[in-house]
Amino acid sequence: MDYRDPTGVTMQPLWPQIPPSQRIAIEREARQLAGYRQGREICDRLLRHLSDDPTGNRVNTWLREADDPRLNSIVQQLFRVLRGLHG
Numbered sequence: 002m003d004y005r006d007p008t009g010v011t012m013q014p015l016w017p018q019i020p021p022s023q024r025i026a027i028e029r030e031a032r033q034l035a036g037y038r039q040g041r042e043i044c045d046r047l048l049r050h051l052s053d054d055p056t057g058n059r060v061n062t063w064l065r066e067a068d069d070p071r072l073n074s075i076v077q078q079l080f081r082v083l084r085g086l087h088g
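What follows is the structure, encoded as structure tokens:
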């Protein structure tokens, strides 16, 4: 069975600059920690901030502005997962 888009549009991954294995691991962990919908939102926001600013300054600003200890804990765990993937 062929699942190609009949319009001929080629689909691009949401985060092409991030290896799929890393994105999937981060998304799974976020969803386990925060639930399906909120985990996806946290994952997307984290990856967007890291893509825009690899130094992590935007992530720090986001966490500071959110002033949410639970969000801070989840993001710290996601960084641990990323570090584990990088060895």
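Letter by letter, the sequence shown follows residues 2 to 88 of this note's numbering.
For each residue, glycine too, the CB sits at the ideal point set by N, CA and C.
The model shown is predicted, which means the values in this text are computed figures rather than measured ones.
Does DSSP put residue i in a helix, a strand or coil?
i: Ile75; result: helix
i: Thr8; result: coil
i: Ile25; result: helix
So, using beta-carbon positions, are residue i and residue j closer together than 9 Å?
i: Cys44; j: Glu66; result: no
i: Arg54; j: Val60; result: It should be noted that the sequence gives Asp, not Arg, for residue 54. Contact flag set, yes.
i: Arg50; j: Gly40; result: First, the amino acid is wrong: residue 50 is His here, not Arg. Result no, Cβ atoms of His50 and Gly40 do not sit closer than 9 Å.
Closest to residue i by C-alpha separation, out of the options, would be which residue?
i: Gly85; options: Gly9, Ser22, Gln18, Thr8; result: Ser22
Check whether the stretch 26-36 and the stretch 72-87 touch, using three or more Cβ-Cβ pairs below 8 Å as the test. yes
Quick one: complete alpha helix (DSSP H) runs, 4+ long, within the stretch 27-58? 37-53
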